[in-house]
Amino acid sequence: MRDLFYLSETQFNRIKPYFPLSHGVPRVDDLRVISGIIYVIRNGLQWKDAPREYGPHKTLYNRFVRWSRLGVFNRIFVELTGKEETPERLMIDATHLKAHRTAASLLKKGMFPRRIGRTKGGLNSKLHVVCDGQGKPVAMLLSEGQMSDYKGARVLLPSLPKAKTLIADRGYDAAWFRAALRAKGMTPCIPTKRNRKIQIKYDKTLYRQRHRIENMFARLKDWRRIAMRYDRCAHTFFSAICIAATVIFYLN
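Using the numbering used here, the first residue of the sequence shown is number 1, and each one after it goes up by one.
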């Protein structure tokens with residue numbers, strides 16, 4: 001028998017207040033449908049292959065797409081992260097997520113950006129994440145694969161919570177970024193690039209904690225529909241990422 005996944009009552013009650021209100025005919029059991037959506041995303045299934053115990057696969061797909069357009073899953077992630085204590089330190093990094101050919105089939109069509117770009121590794125998207133000192137994501141951004149770490153950091157900068165230190169690799173070694181962090185009251189812990197004429201000192205002991213954000217990416221990519229992008233629309237793929245981050249780090 002397959003090992004089905006179901007949210008516990010405690011987990012479900014934490015996210016239930018952020019669901020849209022039903023109008024007219026009552027919705028199908030939210031607990032069963034949301035658990036089915038999580039099962040599909042975690043195991044990388046096609047929607048038609050969802051176990052029958054979760055109900056019709058069209059119900060799972062339609063609920064996922066409709067709520068993704070409404071930003072429900074994004075809002076759940078933001079609300080749960082906002083309830084956490086203010087972190088003492090932050091970490092920032094980015095990773096590539098390979099795009100399947102089905103995701104890139106409508107690359108040049110539609111009025112909304114697909115967030116799919118081309119790099120040496122082929123077609124992919126890039127996930128920029130800021131996490132706290134424990135490796136729990138607090139802010140995320142999905143971009144085209146060719147977007148630089150600098151540009152991703154610039155977009156995420158206004159959403160950074162207050163912290164004493166920010167840890168990043170030398171890919172974020174830029175004068176403007178260091179100045180922006182100091183303006184927000186943060187001490188940058190960033191190694192300098194080798195071509196810098198004047199090397200800037202940093203806390204090497206503290207920098208060793210950066211492995212936690214790498215571990216966070218590894219845990220996200222354990223979910224097969226995150227490691228490989230099958231969704232054509234950026235909002236549905238980013239919703240899947242928000243669901244994975246919520247379940248892994250905030251509903252455990």
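Cβ atoms here follow ideal geometry from the backbone N, Cα and C, with glycine treated the same way.
Cα-Cα separation, residue i to residue j
i	j	result
Asn252	Lys136	12 Å
Ile243	Tyr150	26 Å
Glu85	Arg69	29 Å
Tyr202	Gly145	29 Å
Glu214	Arg14	27 Å
His100	Arg229	6 Å
Ser125	Cys131	19 Å
Arg63	Leu80	21 Å
Met186	Ser143	25 Å
Pro161	Ala153	14 Å
Leu31	Ser22	14 Å
Trp223	Gly44	7 Å
Met1	Thr119	Confidence at Met1 is low in this model, with a pLDDT of 38, below 50, so its placement is unreliable and the value that follows should be read with caution. Answer to the nearest angstrom: the Cα atoms are 42 Å apart.
Glu88	Arg42	31 Å
Ala168	Ala183	17 Å
Tyr18	Lys204	41 Å
Gly133	Ile248	16 Å
Ile38	Ser159	27 Å
Gly82	Gly121	35 Å
Spatially closest choice to residue i from the options, by CA coordinates
i	options	result
Leu123	His96, Leu80, Ser148 and Val129	His96
Trp67	Glu9, Cys189, Ile167 and Phe238	Phe238
Glu9	Ile34, Thr102 and Glu53	Ile34
Tyr54	Gln11, Leu4, Arg42 and Leu70	Leu4
Met91	Ser22, Ala139 and Ala174	Ala139
Lys98	Ala245, Phe249, Lys221 and Tyr250	Lys221
Asp194	Asp173, Phe177, Lys48 and Gln134	Per the sequence shown, residue 194 should be read as Arg rather than Asp. Considering only alpha carbons, the answer is Asp173.
Gly36	Ala104, Lys58 and Val25	Lys58
Thr102	Ala245, Asp231 and Ile248	Asp231
Ile198	Ala175, Ser159 and Gln209	Ala175
Arg210	Trp47, Gly82, Ala94 and Gln11	Ala94
Val28	Val40, Leu60 and Pro51	Leu60
Ala245	Asp49, Leu141 and Arg196	Leu141
Cβ pair residue i, residue j closer than 8 Å
i	j	result
Arg219	Ala240	no
Leu206	Thr165	yes
Arg170	Ile200	no
Pro20	Val72	yes
Ala180	Leu157	yes
Ala234	Arg75	no
Thr236	Val25	no
Start-end ranges of the alpha helix (DSSP H) lying completely within the segment 115-201, minimum 4 residues: 149-156 and 175-183
Start-end ranges of the beta strand (DSSP E) lying completely within the segment 72-101, minimum 3 residues: 89-99
Alpha helix (DSSP H) segments (min. 4 residues) lying fully within the segment 201-244: 204-207, 211-221 and 224-227
Any alpha helix (DSSP H) of 4 or more consecutive residues that is wholly inside the segment 23-56: 30-43
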